[in-house]
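For reference, the structure discussed in these notes is given below.
2 protein chains.
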Amino acid sequence: MLVQDEGGRIVLLVLDGLGGLPHLDTGLTELESAATPNLDRLARAAALGMQLPVAHGVAPGSGPGHLSLFGYDPVKYNIGRGVLSALGVGFAVKPGDVAIRLNFASIDGDGRITDRRAGRPSDEENRRLVKKLQDNVRAPGGVQVFFESEKEHRAVLVLRGRQLSAELADTDPQEEGVRPLPAKALKPEATETAELLQQILDSAFEVLRDEKVANAILARGIDAYHPFPTFFERYMLRARAIAKYPMYRGVARLDGMDSARVPDSDEETVAILAEDFDDYEFHFVHFKAMDSRGEDGDFEAKRKAIEAVDALIPKVEALKPDVLVVTGDHSTPSRLRAHSWHPVPLMIVSPWTRPQPDATFGERSCMRGELGIVPGREIMTLALAHAGRLAKYGA
Amino acid sequence: MLVQDEGGRIVLLVLDGLGGLPHLDTGLTELESAATPNLDRLARAAALGMQLPVAHGVAPGSGPGHLSLFGYDPVKYNIGRGVLSALGVGFAVKPGDVAIRLNFASIDGDGRITDRRAGRPSDEENRRLVKKLQDNVRAPGGVQVFFESEKEHRAVLVLRGRQLSAELADTDPQEEGVRPLPAKALKPEATETAELLQQILDSAFEVLRDEKVANAILARGIDAYHPFPTFFERYMLRARAIAKYPMYRGVARLDGMDSARVPDSDEETVAILAEDFDDYEFHFVHFKAMDSRGEDGDFEAKRKAIEAVDALIPKVEALKPDVLVVTGDHSTPSRLRAHSWHPVPLMIVSPWTRPQPDATFGERSCMRGELGIVPGREIMTLALAHAGRLAKYGA
Chain E
1 MLVQDEGGRI VLLVLDGLGG LPHLDTGLTE LESAATPNLD RLARAAALGM QLPVAHGVAP
61 GSGPGHLSLF GYDPVKYNIG RGVLSALGVG FAVKPGDVAI RLNFASIDGD GRITDRRAGR
121 PSDEENRRLV KKLQDNVRAP GGVQVFFESE KEHRAVLVLR GRQLSAELAD TDPQEEGVRP
181 LPAKALKPEA TETAELLQQI LDSAFEVLRD EKVANAILAR GIDAYHPFPT FFERYMLRAR
241 AIAKYPMYRG VARLDGMDSA RVPDSDEETV AILAEDFDDY EFHFVHFKAM DSRGEDGDFE
301 AKRKAIEAVD ALIPKVEALK PDVLVVTGDH STPSRLRAHS WHPVPLMIVS PWTRPQPDAT
361 FGERSCMRGE LGIVPGREIM TLALAHAGRL AKYGA
Chain B
1001 MLVQDEGGRI VLLVLDGLGG LPHLDTGLTE LESAATPNLD RLARAAALGM QLPVAHGVAP
1061 GSGPGHLSLF GYDPVKYNIG RGVLSALGVG FAVKPGDVAI RLNFASIDGD GRITDRRAGR
1121 PSDEENRRLV KKLQDNVRAP GGVQVFFESE KEHRAVLVLR GRQLSAELAD TDPQEEGVRP
1181 LPAKALKPEA TETAELLQQI LDSAFEVLRD EKVANAILAR GIDAYHPFPT FFERYMLRAR
1241 AIAKYPMYRG VARLDGMDSA RVPDSDEETV AILAEDFDDY EFHFVHFKAM DSRGEDGDFE
1301 AKRKAIEAVD ALIPKVEALK PDVLVVTGDH STPSRLRAHS WHPVPLMIVS PWTRPQPDAT
1361 FGERSCMRGE LGIVPGREIM TLALAHAGRL AKYGA
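From first to last, the protein sequence lines are chains E and B. Read in order, the letters of the first sequence are residues 1 to 395 in this note's numbering. Read in order, the letters of the second sequence are residues 1001 to 1395 in this note's numbering.
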């Protein structure tokens, strides 16, 4: 292993969903249209490129997008849907936990599903139902059961116990007019866990029996959390995550990063970065608004969200990180209203670059940069090299 | 395998440590600052790109850097430290040899190390000590023992015999005030070799007992040489290496290349290239000065070293190679005074290119070239293709 336990401090700024597509009127992307004097100034001296989070043509979810940025091959280190949902609601997943996505549903007197989403209950109603389940469902011996609210009809169930297997089929039949499927093992080693899950579901149906609408639950996306090698083990970096949303803190925690105080705004995010800055060699800082506005399809709002982050850049510079990496976890073009497969602008600010003096921070300017198209999972190696934290390979 | 036993002749010019970083005053790298009319003229018609010897962020040593240029994946074909040292002093390593790096050291009457470097003896003193060991150390039955001088306190020990194992721990404790460690097998199959090594070390301590300063040796970086598939087996090319320094001839010999007469200067290097030019289909030609001056941190001297190679280019062109490849084995920016992770300018001169008429041979011009960023180990396939030596893949 080439990693050394000395060298510079690294800050990774993730502008979620940063990459975009040109506006049909102007031919410029959200980032290219935005007034970003600070990012552009840094770009003139930085190493620029485009980063490919997973592979050409693949639009990544937030989990793989961030794992890739943290240097974990997102195909090898796969976080399943259930674990992602548990992370998304801020549940502290532990190794061996089996996480399951739940839908509240409606069934008729014959047990047949009449609404797979139980009329989309309010979040408040969702929380009432989840509390009722948590208080009343009987956990089988040796297993802890955690119900967690998500949104509308969605909730999460986590099973904790010894030797659980997640090789279980969904009980959600994905159609109405039929009964929920029984819990079923996909492999022999999951037989016992299937029986446990069925007992829990039976108890839950009993608890919900008197509900007028949400009188059933359907399980899907069942998987187990297997721990990853930690960030410190891989890179000898004490690392922390500063992110408003639990999902991103969760992915960072999976890699062994500390969670800092939770910010309420982008301004507070940068204020927290300044706190105890010297206690960590790696800071992951997450800004969400670009992605949300891109998914709204609101080009102008996404452009403004980028400008708002640009305005905070001097406060980050004032902390004098040795290496500053600015990129996104994926593209979210407003015209697509969704995560996309397009590579994401990448900038590495350090003294050891081959910059283009006329560069700006934008998709087409970054594409002309010294890094070309970089696999996202190689950004960490580059950041470590720029921080003087990698030994020479071979003599 | 697509390789064909016919086609053009290839010359690979390696300008060691070629890639650089911009001077802080001018914004231009060593290569971009150098007056290289011949390389620039070739660049206008050549295929240009940047080559990545190992991976993003990884600064390669000379061994992996050259293996990559020769088309051997430097992670798969790993040359250990001991074998590299043996190659570095020009020792003809054979398959199965176990090579060991030695330090001359000082021990007190109690056998404890007082100086791990024996006061850094002169090279002449080093040669005297090595000769004394070679003449007097008793080799155990069935094993040949070779001691070779390196520099100052460093030497190399090679064991040759049947069924030796290199799975041995260092005897160098890496600290003073303690005794050298006994030879120890790291795996059961090395038990016998550990005993042999201990006998040799015991004999060496006996031989050095009357020395005032260098009265002990410490062993480290122990490894075995396992032969690689040869250059001819892989590419059907008769190949030779023209290099002033033994290290580079050694890496080429590991791949089965012939060594030409050893040049004294860059001028003689090119003169030797002209000798028996038609007897080989592949010529590896090594120029060292760029790397040395980069490691000195001397921007101007590195620039001039590049200009000196440029002046020799017409003599190489006069030999009319069908394909001329010009690149480095890694970057050695003067500002970093060390090998670095930055990609290296690459030019392939052949009639089968898509050139940019305004191109020059420099980092940023090459980055705009038709090859983009190429893994170093794929340069050989490109060179073979340009030489008409690769058959079509599939029907």
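Glycine included, each C-beta is placed from N, C-alpha and C at the ideal position.
Spatial neighbours of residue i in its chain, beta-carbon cut-off 7 Å, leaving aside the 5 residues before and after
{"i": "residue 401 of chain E", "result": "Absent from the model: residue 401 of chain E. The displayed extent of chain E is 1 to 395, so no value can be given."}
{"i": "residue 297 of chain E", "result": "334 and 337"}
{"i": "residue 65 of chain E", "result": "53, 329 and 330"}
{"i": "residue 1194 of chain B", "result": "1168, 1183, 1184 and 1185"}
{"i": "residue 1230 of chain B", "result": "1255 and 1256"}
{"i": "residue 38 of chain E", "result": "310, 313 and 314"}
8 Å Cβ cutoff, residue i in contact with chain B
{"i": "residue 381 of chain E", "result": "yes"}
{"i": "residue 324 of chain E", "result": "no"}
{"i": "residue 2 of chain E", "result": "yes"}
{"i": "residue 321 of chain E", "result": "no"}
{"i": "residue 372 of chain E", "result": "yes"}
{"i": "residue 157 of chain E", "result": "no"}
{"i": "residue 307 of chain E", "result": "no"}
{"i": "residue 378 of chain E", "result": "yes"}
Interface residues of chain A facing residue i [CB-CB closer than 8 Å]
{"i": "residue 1336 of chain B", "result": "Chain labels in this structure do not include chain A; the protein chains are E and B."}
Residue i versus residue j - alpha carbon distance
{"i": "residue 1113 of chain B", "j": "residue 1218 of chain B", "result": "10 Å"}
{"i": "residue 115 of chain E", "j": "residue 209 of chain E", "result": "15 Å"}
{"i": "residue 1319 of chain B", "j": "residue 1011 of chain B", "result": "10 Å"}
{"i": "residue 390 of chain E", "j": "residue 384 of chain E", "result": "6 Å"}
{"i": "residue 183 of chain E", "j": "residue 134 of chain E", "result": "20 Å"}
{"i": "residue 1129 of chain B", "j": "residue 1092 of chain B", "result": "21 Å"}
{"i": "residue 315 of chain E", "j": "residue 266 of chain E", "result": "12 Å"}
{"i": "residue 361 of chain E", "j": "residue 59 of chain E", "result": "22 Å"}
{"i": "residue 291 of chain E", "j": "residue 246 of chain E", "result": "15 Å"}
{"i": "residue 86 of chain E", "j": "residue 1075 of chain B", "result": "38 Å"}
{"i": "residue 386 of chain E", "j": "residue 102 of chain E", "result": "45 Å"}
{"i": "residue 366 of chain E", "j": "residue 19 of chain E", "result": "11 Å"}
{"i": "residue 132 of chain E", "j": "residue 207 of chain E", "result": "8 Å"}
{"i": "residue 213 of chain E", "j": "residue 204 of chain E", "result": "14 Å"}
{"i": "residue 100 of chain E", "j": "residue 1358 of chain B", "result": "60 Å"}
Proximity test, Cβ basis, 8 Å: residue i and chain E
{"i": "residue 1191 of chain B", "result": "no"}
{"i": "residue 1286 of chain B", "result": "no"}
{"i": "residue 1345 of chain B", "result": "no"}
{"i": "residue 1290 of chain B", "result": "no"}
{"i": "residue 1367 of chain B", "result": "yes"}
{"i": "residue 1363 of chain B", "result": "yes"}
{"i": "residue 1283 of chain B", "result": "no"}
{"i": "residue 1064 of chain B", "result": "yes"}
{"i": "residue 1153 of chain B", "result": "no"}
Other residues of its chain near residue i: CB distance less than 8 Å, five sequence neighbours each side excluded
{"i": "residue 381 of chain E", "result": "71 and 390"}
{"i": "residue 409 of chain E", "result": "Nothing can be reported for residue 409 of chain E: it is not among the residues displayed for chain E, which extend from 1 to 395."}
{"i": "residue 2 of chain E", "result": "390, 391, 392 and 393"}
Chain E contact residues for residue i, given Cβ-Cβ distances below 8 Å
{"i": "residue 1084 of chain B", "result": "394 and 395"}
{"i": "residue 1339 of chain B", "result": "392"}
{"i": "residue 1074 of chain B", "result": "393 and 394"}
Per-residue contacts from residue i into chain E (C-beta, under 9 Å)
{"i": "residue 1079 of chain B", "result": "394 and 395"}
{"i": "residue 1029 of chain B", "result": "354"}
{"i": "residue 1023 of chain B", "result": "Correct list: empty, because the minimum Cβ distance to chain E is about 12 Å."}
Listed by chain order, chain E residues near residue i by CB distance under 7 Å
{"i": "residue 1375 of chain B", "result": "Simply none; closest approach about 12 Å."}
Cβ-based neighbour list, residue i, same chain, cut-off 6 Å, excluding 5 preceding and 5 following
{"i": "residue 105 of chain E", "result": "113, 116, 118, 216 and 218"}
{"i": "residue 1009 of chain B", "result": "1281, 1321 and 1322"}
{"i": "residue 263 of chain E", "result": "244, 269 and 272"}
{"i": "residue 289 of chain E", "result": "305"}
Under 9 Å by beta carbon: chain B residues contacting residue i
{"i": "residue 357 of chain E", "result": "1027"}
Contact list for residue i against chain B, beta-carbon separation under 7 Å
{"i": "residue 384 of chain E", "result": "1057"}
Against chain E: residues of the stretch 1048–1062 of chain B by CB proximity under 8 Å: 1050, 1054, 1055, 1056, 1057, 1058, 1059, 1060, 1061 and 1062
Mind checking the stretch 6–21 of chain E against chain B and listing, in chain order, the residues whose C-beta falls within less than 7 Å of any C-beta there? none
Please name the residues in the stretch 1218–1250 of chain B whose beta-carbon is closer than 7 Å to at least one beta-carbon of chain E, in chain order. none
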